[in-house]
Amino acid sequence: MTATRTKTAIVNVAGNPNTGKTSIFNRLTGRNLKVGNYPGVTVERIEGRVKSAGHEFIVCDVPGTYSLSARTSEEAVAVAAVAGIPPNTMPDVNVVVVDATQLSRNLYLALQTLETGVPMVVALSMADMAARRQMRVDIAALQEILGVPVVAVNGVNGKGIDDLKVAIVTVLENPQRGRGRWRWTSDNAPLKADIEAVAAAIPAAWTHGEPQRREALARWALLSAAGSEEMEIVPTELRAAVNERHQLAQRDGRDLDLELIETRYRWIDDHIPHVLELAAPKKRRTEKLDAIMLHPVGGFALFLLIMGVVFQSLFSWADPAIAVVEHGMAWLAMGIEAVVPASLFQDFLVDGIVAGVGSVLVFLPQILLLFFFIGLMEDSGYMARVAFLMDRIMRSMGLHGRAFVPMLSGFACAVPAILATRTLERKRDRYLTMMVVPLMTCSARLPVYTLIIAALFPPTRLWGVAPVQGLLMVGMYLFSVIVALAVAAVLSRTVFKGIDMPLILEMPPYRRPHMHSVVRMMWMRSSMFLREAGGVILVCTIVLWGLLSFPRNPSLETDYDALQRLATRELQGEAHDTRLAELKEQREGEVFRRSYGARMGMAIEPILAPLGFDWKIGIGIIGAFAAREVFVSTLGVVYGVGSEVDESSATLRQKIQRETRADGSPLYTPMVGLSLMIFFALACQCMSTLAAVYRETQTWRWPVFLMVYMTVLAWVASFAVYQGGRALGFA
Amino acid sequence: MTSHSPRHLDALQPGTSARLGQIQGNAALRRRLLELGLLPGTPVRAVRRVVTGDLIEVEVRGCFVSLRRAEARNVFLSPDETP
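Here is the structure:
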């Protein structure tokens, strides 16, 4: 009889990457999931509640890993969860997913897991795949040698899931059934001495009073804590003990790592012949496919094609869905305007709440699409090939090969691209990518560029062939890529200078992606974005609205009422209506210019003047914080031509062309245009980007860093362009 | 010289096999590779080299693993007969 449990049992699901672990976890838990973080690190912790045979337990998804050894805090998550190192709670059962096609490497993790003393169950996956390759795993024999329950499970069709639940419950009821036969033993006396010495430094809280655990954790520490400064969970005393034993071993010409690892593999190599029937393996489908997919020419062309499709989908296929969101919001706003009388409250509802909700929802189509493609690429095994193909180029900038997908997505929108950095395993790689993705020319910059280029640059052709306007647009794209890569190169050598991790990529076999898990990922990512970044974006929208619409009834210089009466007296018909509309927009413009936001624009004019900008552009820049394209409509309001203008509006274009400085010279010269475009290319004029970075890093430190470095960069670059251009005599 | 078996993994011609010897260099790399089962004596087959990625792909214990060519030069091969 076990003591009555007061807490719900905890079951971890661990395993190598690409073993079908996630689909087994999904099958096991069903729909009700909770996403949180592992204590102390920004590694996602997904858990679900399972009821089976009168038992209820929490199933936890442990990040995929080849071994429990760790170099960084994030890698230590697996061991901390599986071994129940505080502040993690002690698990009741560890389920280790073992890939039948890669038995020896997967058993290595299983042995390490078993050593922690936590009862274990093995879920054997990919048995069908093994059969196709003429391999057969004898489940009874595997169960016999390991001494723990082994269940064949197919995460795709759910076969074996019920048996797995039964096995878990069996071990929950009788933990002895999951203790296993494997014990780490060695007749290597010096190695045993090393382990004992390190075991003495293992914190008492880690062992839960079991001496066997103390030694297991000592072996883990010997393989993990040596020389590593990035793991906070390792106490100084333990690190010192580990370093000392490594130094001693080195002095004696011993290889501690090899001695420790070899013991497990020797056992595996001795036992595998009893479990695995292996006919002559035929050349695999994956190898044949890779001959094409990784072909120096064909593979690269295919890669460009696939990336082209991803990019195109974000850039234009998402448009109809975005239009639906925008129309829906406009319709909602109209509905509110019809029901709620015109008032501050109505303004708040329409321009604060509805606009805020709209600016959150508008990201959904692109997020869903991007994660659809990422899901397909990860599930099919193509993502590893992306890293493989892009490693040289990306590494020269200090980026991981996989960072290519988020960087490319950045051309559409930084927000989904920042969420996509989740495909990178290492924190350093993720954060570095997040810090440079917002430099890519996102689609919200296009309206700004279009307006400026159309208004200020002639539609002529350079040397009779190259259209100046088109060249400028292409130039802005190139500029953004070059800057992003240069910044990555600098940041990776300064702010993100960490331990250099060797690249070891597993090339998983190609598999047919499963819609089930792809859709699940799309759902999880977007709901998380709505929950965590959505609130920040909504609040920012409301604050911006407040800044730009208060004070409510400022005293105005012009007496519009008098002008209105004059118009009514002297004009008739169409001329009268036009005049009244004009006056209305001018009044709105003046009211707007007196708002707190506009005053901020005026206040920052001295800072912007060296870039060639006046306070009206300053207001536009502040307004653009909601989203860059808002710059266009903000200018529309400032210039009194209404907020309904877009980048192709001829009226707004004319206004810009006619705008003059105090001395009568035109304000918007091509140099100012260039300076303004460079400013928009580099400045972090986007609260949603900052909200997304906050959501991913769980701290304000990185959004602030992003905002500051981009703004400084933008100011310096615009200054250099404008002042440099003037010094060279350009207008 | 060409009759000698190649000394390290990067020099192993795609399609040919050998047995692994010692792994040197970066401790993290060594530990990783050892834990993936790249132990002295383990048979290894070179699968391909990719110019764009500057990587090589090898097959060990039924898994396909890629590593950078510079790092592969630290993975030595056993002078024994190829398996």
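Residue numbers (the numbering used here), protein chains in the order written: chain Z, 341 to 1071; chain E, 141 to 223. Here a beta-carbon is modelled for each residue, glycine too, at the ideal position from N, C-alpha and C. All values reported here derive from a predicted model rather than from experimental measurement.
Pairwise C-beta distances place the segment 857 to 875 of chain Z out of contact with the segment 677 to 694 of chain Z, as fewer than three of them are shorter than 8 Å. DSSP places L716(Z) outside any beta strand (DSSP E); the residue lies instead in the alpha helix (DSSP H), whose first and last residues are 704 to 720. Beyond the five residues adjoining it in sequence on each side, Y1062(Z) comes within less than 8 Å, by CB distance, of P950, L951, G952, M1011, V1012, L1014, S1015 in the same chain, given in chain order. Restricting attention to alpha helix (DSSP H) runs no shorter than 4 residues, the segment 978 to 1052 of chain Z encloses them at 990 to 998, 1010 to 1022, 1027 to 1037, ordered along the chain. V858(Z) is positioned such that its CB atom lies no closer than 8 Å to that of D659(Z). Our two residues, A420(Z) and A450(Z), have alpha carbons roughly 15 Å apart in a direct line. Per DSSP, F216(E) is not a residue of any alpha helix (DSSP H); the beta strand (DSSP E) it occupies stretches across 215 to 217.
When M669(Z), W522(Z), A540(Z) are compared, the shortest CA-CA separation from W607(Z) is found for W522(Z). Within 10 angstroms of the beta-carbon of F890(Z) lie fewer than 16 other beta-carbons, which makes it exposed.
Counting only Cβ-Cβ distances below 8 Å, E627(Z) has contacts in chain E at V187, F204, in chain order. CA-CA distance, H611(Z) to E1036(Z), rounds to 44 Å. V461(Z) is the residue among T412(Z), V461(Z), G495(Z), G675(Z) whose C-alpha sits nearest the C-alpha of V433(Z). Secondary structure within the segment 833 to 859 of chain Z: the beta strand (DSSP E) runs of 3 or more consecutive residues, fully enclosed, are 844 to 846 (chain order).
The contact set of S409(Z) on chain E, defined by CB atoms closer than 9 Å, consists of R171, R172, E175 in chain order.
Annotation note: the segment 461 to 495 of chain Z contains the following uninterrupted alpha helix (DSSP H) runs of length 4 or greater, listed N- to C-terminal: 467 to 472, 479 to 486. Note on geometry: alpha-carbon atoms of E969(Z) and L791(Z) lie some 10 Å from one another. Excluding five sequence positions before and after I676(Z), the CB atoms of its chain that fall closer than 8 Å to its own CB belong to Q686, L689, V690, V694, given in chain order.
For S392(Z), the enclosing beta strand (DSSP E) covers residues 384 to 392.
A distance below 6 Å between beta-carbons, with the five flanking residues on each side excluded, links G937(Z) to the following residues of its chain, in chain order: L887, L888, I962. Under the DSSP assignment, F651(Z) falls in the alpha helix (DSSP H) whose first and last residues are 638 to 652. When DSSP states are grouped into helix, strand and coil, C880(Z) belongs to the helix group. Residue burial is scored here from C-beta neighbours: F971(Z) has at least 16 other C-beta atoms within 10 angstroms and is therefore classed as buried. If you check the CB distance, A467(Z) and A492(Z) come in under 8 Å. About 12 Å separates the CB atoms of I573(Z) and A418(Z); that is not less than 8 Å, and the two are not in contact. Ranking E910(Z), V879(Z), E984(Z), Y1008(Z) by CA distance to the CA of G698(Z) puts V879(Z) first.
In this structure, T456(Z) keeps its C-beta atom at 8 Å or more from the C-beta atom of I350(Z). A168(E) and G692(Z) have their C-alpha atoms spaced approximately 52 Å apart. Of all C-beta pairs linking the segment 824 to 839 of chain Z to the segment 733 to 743 of chain Z, three or more are shorter than 8 Å, placing the two stretches in contact.
If one requires a minimum length of 4 residues, the alpha helix (DSSP H) runs lying completely within the segment 390 to 460 of chain Z are 416 to 423, 443 to 455, in chain order. Sequence-ordered contacts of the segment 147 to 172 of chain E with chain Z read N166, A167, A168, L169, R170, R171, R172 [C-beta pairs closer than 7 Å]. Closest in C-alpha terms to L704(Z), from the list I662(Z), I733(Z), F713(Z), M747(Z), comes I662(Z). Annotated three-state conformation of G376(Z) is strand, per DSSP.
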